[in-house]
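Worksheet: one structure, shown below.
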Amino acid sequence: MDSAKQDWYSVSSLLLHALNTIKQQLPEIKEVFLRSDNAGCYKCGHIWLVMNELSKQSGIRIKRYDYREPQSGKNDCDAKIAHMRGKMQVYVTNGNNINTAKDLKTAIDYQQGFSGVQCSVVAINSENLTLKSHRWRGITNYNNLEFLYDGIKVWKAYKCWQWLLNYE
């Protein structure tokens with residue numbers, strides 16, 4: 001993202017791109033479960049509201065979204081990122097520069113890329129973005145969400161849930 005904000009809209013645009021790529025490469029996949037850290041661009045009401053629309057647009061149902069506990073330490077994605085940073089350093093040490101998103105992709109794909117990782121450059125177009133306000137309180141208190149056809153079920157700990165939103 002050369003000039004895009006790191007916000008919920010950018011995250012949802014990247015997620016839609018990833019879902020469309022999965023649909024194209026693995027058409028048998030019908031639903032996904034998401035997991036991320038608690039960064040504000042991931043954990044906000046706006047991204048929760050757009051999940052069912054992303055499911056419709058991609059043809060892959062987003063079933064759940066689970067946030068990693070803030071004190072639970074590093075996860076698998078953090079380990080992959082550490083390896084990618086090392087690879088980017090090798091790329092720069094070999095006389096290359098990383099100034100743009102395309103340069104970053106080239107560095108990550110440098111010398112055979114990474115097993116299990118695909119890198120893309122995605123343009124984020126927020127010109128037609130219309131923002132609806134919401135008055136949800138306590139969003140940061142929830143770590144798990146299940147996206148249902150008629151609403152969102154949320155909970156802080158396994159099996160301790162409550163309804164946060166009905167779409168009706």
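All the letters of the sequence shown, read from the start, carry residue numbers 1 to 168 under UniProt numbering. Glycine residues also receive a C-beta, built at the ideal position from the N, C-alpha and C atoms. Note that the structure is predicted; figures quoted are calculated from it, not measured.
Leaving out the 5 sequence neighbours to the left and right, which residues in its chain are closer than 7 Å to residue i when beta-carbon positions are compared?
i           : result
residue 170 : As displayed, the chain neither begins before 1 nor continues past 168, which places residue 170 out of reach and without an answer.
M1          : For M1, the predicted structure reports a pLDDT of 45, less than 50, and the residue's modelled location is therefore unreliable. A value from the coordinates is still provided. The residues are S10, A101 and I124.
S12         : I47, V50 and L54
S58         : L16, L19, N20 and K23
Opposite residue i in the DSSP bridges: which residues?
i   : result
V32 : I62
Y67 : S36
Could you give the first and the last residue of the continuous beta strand (DSSP E) run that contains residue i?
i    : result
N144 : N144 to F147
What first and last residue would you give for the alpha helix (DSSP H) that runs through residue i?
i    : result
W8   : W8 to Q25
I108 : A101 to D109
What residues in its chain sit with their C-beta under 8 Å from that of residue i, if we drop five residues either side in the sequence?
i   : result
K87 : A107, I108, Y110, Q111 and F114
N97 : D103
For residue i, which residues of its own chain have a beta-carbon under 6 Å away from its beta-carbon, when the five flanking residues on both sides are left out?
i   : result
N34 : According to the sequence displayed, residue 34 carries Leu and not Asn. If we look at L34 and ignore the five residues flanking it on each side, its Cβ neighbours are Y65.
The stretch 110-120 touching the stretch 133-149, judged by at least three CB pairs closer than 8 Å | no
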